[in-house]
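Visitor: Using this note's numbering, read the sequence shown as starting at 43 and increasing by one per residue. There's a structure below that I have some questions on.
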Amino acid sequence: MTELDRRQDRSPVPQDWTYAPAPEARDIVSLRGRYGHFIGGEWVEAAETYTTIAPRDEEPLAEIGEGTEQDVERAVAAARGAFEDGWSALPGSERAKYLFRIARILQERAREFAVLESLNGGKPIKESRDVDLPLAAAHFFYYAGWADKLEYAFPNRQPRPVGVAGQIIPWNFPLLMLAWKIAPALACGNTVVLKPAETTPLTALLFCDVLRQAELPAGVVNIVTGDGRTGAAIVDHEGIDKIAFTGSTEVGKAIQRRLAGTGKKLTLELGGKAANIVFDDSALDQAVEGIVNGIYFNQGHVCCAGSRLFAQESIVEPLVEKLKRRLETLRVGDPLDKNTDVGAINSRMQLDKIEELVQAGRDEGAEIYQPPCTLPEKGYWFAPTVFTNVAQSYRIAQEEIFGPVLSVLTFRTPDEAVEKANNTPFGLSAGVWTEKGSRILWMAQRMRAGVVWANTFNRFDPSSPFGGYKESGFGREGGRHGLEPYLEFDA
Ligand code: NAI
Ligand code: MG
């Protein structure tokens, strides 16, 4: 007799809250065995290829082109041709029609894109379905709206397009970062050569299909795949007028050095080590949800992740206790399962980096907590992790881990919170949890961070500019600010 049966006199209480498997069907995605580059509206064969895999089980998915200098040369020529051959002179209202079409097609094909994003990148399907895809479509809708209003966005300044934009994006939000880059560039009348990250090229390649469906003129968007060498060839190409880069601070710095004196425009969106600051008057249970969303969303592969939790000393114990209890309910596993909260780590390389920094945390004397969870045998996995007893000087409090690892630090006064939160070379985002509106404003003014969230975290909207201070980069994406890097002004 089960426990449930024995309690006949009371309402039934299940003894086991384990979820049954709820896998999303993947047959909506049809992959080709081999992909070339998308140049001038055509697929161009790649001379050399590498294999892209699914990080959940290392299954090979497709052969991907390793872009050479010649491929980049062809792509830049195609982009230049399309720029001069009408795209830049098209009325904004006409450009807008293409962007609206792209947005609608992304919505129509959202499930296909979401499944592919989770398969190739490892993020939970509920995130790619509910966050990446809606936001990517929203970006195209939003910038479609600006395309014929540039003169109102910048009155009396006679905005005109920059020319050919080289865009290099990372693997944590592959399609969303593509949308952040391509939508404003096209709205402003530029053409594009974009390189997706080497581990996650598939949604960018599927996007080429959307471009054809939308009948975007050939050469306006060109996609060249490959690793850092392909990226470097884009950065160095003389025919490129503007570089937009999202990725590591190390590569961002190298790009800035290379471009110094060339006259090419540059925006950099780099790493972060955000402070999530919880005051003793905040709603603790809501704060716990915000902390979890801040650091375990997308396995912590988020440049603005709330990786440093600052808890006011009077509440650190109950807060950490609640947090640990919450972590026990996180479901780690198959990215394609609809109940999964934390998916696979994107690559072997990233897993190695996380493991190295977590080991450094142990060695330096921090106390580690990981909830009991069984990780799949194949693929790349890391359990949600919390470090307490962390000193400001530890590597886990200073360096970007880019994984599901939280460092808990404490403070006593608002001034101390500000000082400690700003004690970092980065400055992308911050979170403040308090009941007092005045304190929110006081803190927001003092945080050296591009975005400050109040009583929430990791909220995005295409109309809201995003970008960094200090080593987190410069330039803004999103909002009216996001148009500026793609425009020249006569006045
Ligand atoms: P990465 O900066 O090497 O890669 C980002 C993009 O830049 C990729 O498309 C890559 O192919 C390209 N790239 C690499 N070297 C290049 C070069 N010399 N010239 C032009 N393009 C180049 O980042 P990686 O190695 O994938 O990750 C390392 C660390 O960087 C992560 O552990 C994380 O801490 C951070 N990162 C931050 C991101 C963010 O959103 N801010 C995104 C990805 C990584
Ligand atoms: Mg790298």
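Note that the Cβ used here is the ideal one computed from N, Cα and C, for glycine as well. Keep in mind it's a predicted model, so treat the numbers as computed, not measured.
Under a Cβ-count criterion, where at least 16 other Cβ atoms within 10 Å of its own Cβ denotes burial, should residue 328 be classed as buried or exposed?
Guide: To locate residue 328, count along the sequence shown from 1; it is residue 286. Exposed: under 16 other Cβ atoms inside 10 Å.
Visitor: Within its chain, find whatever has a CB closer than 8 Å to the CB of residue 362; leave out the 5 residues flanking it on each side and keep chain order.
Guide: In the sequence shown, residue 362 corresponds to position 320, counting from 1. Excluding sequence neighbours, residue 362 sits near 353, 428, 430 and 450.
Visitor: Do the CB positions of residue 442 and residue 313 come within less than 7 Å of each other?
Guide: Along the sequence shown, read from residue 1 onward, the residue named residue 442 stands at position 400. Along the sequence shown, read from residue 1 onward, the residue named residue 313 stands at position 271. Yes, they are a contact pair.
Visitor: For a test of the three-state rule: what should DSSP assign to residue 426, helix, strand or coil?
Guide: Your numbering for residue 426 matches position 384 in the sequence shown. Residue state, collapsed to three classes: coil.
Visitor: For residue 341, does the count of other Cβ atoms within 10 angstroms reach 16, so buried, or fall short, so exposed?
Guide: One-based indexing of the sequence shown puts residue 341 at position 299. Counting Cβ neighbours within 10 Å, residue 341 comes out buried, since at least 16 surround it.
Visitor: Nearest to residue 540 by alpha carbon, out of 106, 466, 240 and 202?
Guide: A question about residue 540 goes unanswered here, because the residues of the chain that appear run from 43 up to 533.
Visitor: The ligand NAI and residue 325: does any heavy atom of the ligand fall closer than 6 Å to the residue's C-beta?
Guide: Residue mapping note: residue 325 aligns to position 283 of the sequence shown, counting from 1. Not so, every heavy atom of the ligand NAI lies at least 6 Å from the Cβ.
Visitor: Do residue 320 and residue 495 have their beta-carbon atoms positioned less than 7 Å apart in this structure?
Guide: Here residue 495 refers to the residue found at position 453 of the sequence shown. Here residue 320 refers to the residue found at position 278 of the sequence shown. No; because the gap between Cβ atoms is not below 7 Å, this pair is not in contact.
Visitor: Excluding the 5 residues flanking residue 425 on each side, which residues of the same chain have their C-beta closer than 8 Å to its C-beta?
Guide: Here residue 425 refers to the residue found at position 383 when the sequence shown is read from its first residue. Taken in chain order, the residues that qualify are 374, 412, 413, 415, 417 and 446.
Visitor: Would you identify the three-state DSSP class for residue 176, choosing helix, strand or coil?
Guide: As a position in the sequence shown, residue 176 is number 134, starting the count at 1. In this structure, residue 176 counts as helix in the three-state DSSP scheme.
Visitor: Compare the C-beta of residue 181 with all C-beta atoms of chain C and state if any pair is closer than 7 Å.
Guide: Here there is only one protein chain, and chain C is not present.
Visitor: Apart from the five residues on each side of it in sequence, which residues of its chain come closer than 7 Å, Cβ to Cβ, to residue 212?
Guide: Counting from 1 along the sequence shown, the entry for residue 212 is found at position 170. Hits under 7 Å: 219, 239, 288 and 289.
Visitor: Identify, in the order they occur along the chain, each residue of the same chain with its Cβ nearer than 8 Å to the Cβ of residue 378, setting aside the five sequence neighbours on each side.
Guide: Counting from one through the sequence shown, the residue named residue 378 turns up at place 336. If we look at residue 378 and ignore the five residues flanking it on each side, its Cβ neighbours are 65, 66, 68, 98, 157, 160, 161 and 167.
Visitor: Just list the beta strand (DSSP E) runs in the region 379 to 421, keeping only unbroken ones of 3 residues or longer that don't cross its boundaries, in chain order.
Guide: Qualifying beta strand (DSSP E) stretches, in chain order: 409 to 411.
Visitor: Going by other Cβ atoms of all chains shown within 10 Å of its Cβ, with 16 needed for buried, is residue 529 buried or exposed?
Guide: In the sequence shown, the residue the question calls residue 529 occupies position 487. Buried.
Visitor: Any heavy atom of the ligand NAI within a distance shorter than 6 Å of the CB on residue 214?
Guide: Taking the sequence shown and counting its residues from 1, the one referred to as residue 214 is at position 172. Yes, the ligand NAI has a heavy atom inside 6 Å of this Cβ.
Visitor: Grab the span of the alpha helix (DSSP H) containing residue 367 for me, first residue to last.
Guide: The count along the sequence shown starts at 1 and reaches residue 367 at position 325. Element bounds for residue 367: 358 to 369.
Visitor: Note the first and the last residue of the continuous alpha helix (DSSP H) segment covering residue 469.
Guide: Residue numbering aside, residue 469 sits at position 427 when the sequence shown is read from its first letter. That residue, residue 469, is in no alpha helix (DSSP H); it is neither H nor E in DSSP.
Visitor: What residues in its chain sit with their C-beta under 7 Å from that of residue 181, if we drop five residues either side in the sequence?
Guide: Translated into positions along the sequence shown, residue 181 becomes position 139. Once the five neighbours on either side are set aside, the close Cβ partners of residue 181 are 221, 222, 225 and 504.
Visitor: Which residues in the same chain as residue 87 place their Cβ atom closer than 7 Å to its Cβ, once the five residues preceding and following it in sequence are excluded?
Guide: Along the sequence shown, one-based indexing puts residue 87 at 45. 78, listed in sequence order.
Visitor: Specify the secondary structure class of residue 116 as computed by DSSP and reduced to three states.
Guide: Looking up residue 116 in the sequence shown gives position 74. DSSP places residue 116 in helix when its eight states are reduced to three.
Visitor: When you compare only the Cα positions, how much space is there between residue 228 and residue 524?
Guide: Locating residue 228 in the sequence shown gives position 186, counting from the first residue. Locating residue 524 in the sequence shown gives position 482, counting from the first residue. C-alpha separation (whole angstroms): 12 Å.
Visitor: What did DSSP end up calling residue 77 once you bin it into helix, strand or coil?
Guide: Here residue 77 is taken as the residue at index 35 of the sequence shown, counted from 1. Three-state DSSP puts residue 77 in a strand.
Visitor: Taking buried to mean at least 16 other C-beta atoms within 10 Å of its own C-beta, is residue 70 buried or exposed?
Guide: The count along the sequence shown starts at 1 and reaches residue 70 at position 28. Per the 10 Å Cβ criterion, exposed.
Visitor: Return the Cβ separation of residue 471 and residue 491 in integer angstroms, given the expectation that the two are a contact with Cβ distance under 8 Å.
Guide: The residue labelled residue 471 in the question sits at position 429 within the sequence shown. The residue labelled residue 491 in the question sits at position 449 within the sequence shown. Yes, residue 471 and residue 491 are in contact; Cβ-Cβ is about 5 Å, under 8 Å.
Visitor: Going by DSSP, what residue range makes up the beta strand (DSSP E) through residue 59?
Guide: Walking along the sequence shown from the start, residue 59 turns up at place 17. No beta strand (DSSP E) holds residue 59; DSSP gives it neither H nor E.
Visitor: Taking its Cβ as the centre, do 16 or more other Cβ atoms sit within 10 Å of residue 43, making it buried, or is it exposed?
Guide: Within the sequence shown, residue 43 is the residue found at index 1, counting from 1. With a pLDDT of 46 at residue 43, under the threshold of 50, the modelled position of that residue is not reliable, and no figure is offered here.
Visitor: Give me, in chain order, the residues of the same chain whose beta-carbon lies closer than 7 Å to that of residue 130; leave out the 5 immediate sequence neighbours on both sides.
Guide: Translated into positions along the sequence shown, residue 130 becomes position 88. Cβ within range, chain order: 203 and 231.
Visitor: How far does the alpha helix (DSSP H) with residue 483 in it extend, from its first residue to its last?
Guide: The residue given as residue 483 occupies position 441 in the sequence shown. Per DSSP, residue 483 belongs to the alpha helix (DSSP H) from 479 to 488.
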